[in-house]
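In the UniProt record's numbering, the protein residues as written are 1 to 360.
The C-beta atom is built at its ideal place from N, Cα and C for all residues, glycine as well.
Values in this document were obtained by computation on a predicted structure and should not be read as measured data.
This report concerns only the one structure given below.
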């Protein structure tokens, strides 16, 4: 009997501490003989006590299995059940889980994965080794901690779906964001889902999988104000944007007639929009989602999404050690399988309340 095993509908989680797993095994007749010689305890009483003890351990580990420590003293091991489809259950939409309407969950997804790209089947060795994944605690809505301290977000959900799709064992640790490049380069982890982007400092050390999500720039406005985001219509109009950001630089380059109102953060931008001091906010579409879902839906995206790799980067991808072509192929292969099966679209639709790629 494995006292550290916690079953849930999506995966089997084991808490691993110092490379040892709490296991208790009964010894059949041999155990019964030893007990009968040791002081009159009955076999029935022993079984009752053993069952109670294991139930207690299961209750404790059920909570522990949801928490990944930043110190790396504990890690969650994800081992896939044989019949994935039979164990998958729908999301409830409660608590910190993404909430979405049934109609939106069925909507089409603007896919960035090329489902026709010819990729090699990963070797059995790579599949058997599984993946050691990293994430960070401070990049909502992609990876962060909920009120209970458990890691949540799109990246956490993607990691689970990825490993489930390929039926491979995975671990995922929460570490400080700045530590991720060194951990990848030193082979202490295989890949990371934490928002790392291409940067000259990472060249030769870290590289990236195919992009699974783009991060366009967008305008956000009050839903009922009728503001147009056409360049001419915004001429001379005040628009809030985080000062010194790539989004302010984009406005300067392509909306030079806009009256840019620099702010320190999106909270300040939202206040200006509510007070009518600006007609819109311009920023990262996914970061603006948090505002779009506030105040009983009074906010909405406006116009089209803006894509520009120079200003906004390539998009979201797995990061892994440069030169590890075996890992890169595994990551791209798994993402393609997720896209082909429709699970990547489902994950996107179920996690984000609004379609950041649609026209409004």
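Inter-residue spacing [alpha-carbon to alpha-carbon] between residue i and residue j
i: residue 297; j: residue 272; result: 17 Å
i: residue 112; j: residue 187; result: 28 Å
i: residue 170; j: residue 304; result: 38 Å
i: residue 306; j: residue 174; result: 32 Å
i: residue 360; j: residue 238; result: 20 Å
i: residue 293; j: residue 353; result: 7 Å
i: residue 259; j: residue 299; result: 21 Å
i: residue 361; j: residue 155; result: Only positions 1 to 360 of the chain appear in the structure, and residue 361 is not among them; the question remains open.
i: residue 201; j: residue 262; result: 28 Å
i: residue 192; j: residue 268; result: 31 Å
i: residue 264; j: residue 295; result: 21 Å
i: residue 312; j: residue 149; result: 30 Å
i: residue 335; j: residue 287; result: 23 Å
i: residue 276; j: residue 249; result: 23 Å
i: residue 327; j: residue 347; result: 23 Å
i: residue 219; j: residue 166; result: 38 Å
i: residue 343; j: residue 236; result: 44 Å
i: residue 374; j: residue 194; result: Past the edges of the chain, shown from 1 to 360, lies residue 374, and the structure says nothing about it.
i: residue 162; j: residue 243; result: 37 Å
i: residue 227; j: residue 279; result: 7 Å
i: residue 206; j: residue 331; result: 14 Å
Cross-strand partners of residue i (DSSP beta bridge)
i: residue 151; result: 145
i: residue 132; result: 171
i: residue 139; result: 143
i: residue 316; result: 213
i: residue 191; result: 133, 320
Limits of the alpha helix (DSSP H) - the one that residue i falls within
i: residue 339; result: 325-341
i: residue 185; result: 180-185
Buried versus exposed, by CB contacts within 10 Å (16 or more), residue i
i: residue 252; result: exposed
i: residue 350; result: buried
i: residue 153; result: buried
i: residue 254; result: exposed
i: residue 115; result: exposed
i: residue 178; result: exposed
i: residue 120; result: exposed
i: residue 124; result: exposed
i: residue 118; result: exposed
i: residue 221; result: buried
i: residue 224; result: exposed
i: residue 285; result: buried
i: residue 146; result: exposed
i: residue 358; result: exposed
i: residue 59; result: Annotation note: pLDDT 46 at residue 59 (below 50); position unreliable, coordinate value reported separately. Exposed is the call here.
i: residue 122; result: buried
Limits of the beta strand (DSSP E) - the one that residue i falls within
i: residue 319; result: 319-321
Proximity test, Cβ basis, 8 Å: residue i and chain B
i: residue 144; result: Of the protein chains in this structure there is only one, and it is not chain B.
For the stretch 239-311, which segments carrying the beta strand (DSSP E) assignment without a break, of at least 3 residues, lie completely within its bounds, in sequence order?
For the stretch 239-311, whole beta strand (DSSP E) runs of length 3 or above, ordered along the chain, are 259-263, 280-284, 299-306.
Hey, which unbroken runs of the alpha helix (DSSP H) at 4 residues or more fall wholly within the stretch 204-235?
Complete alpha helix (DSSP H) runs here, min 4: none at all.
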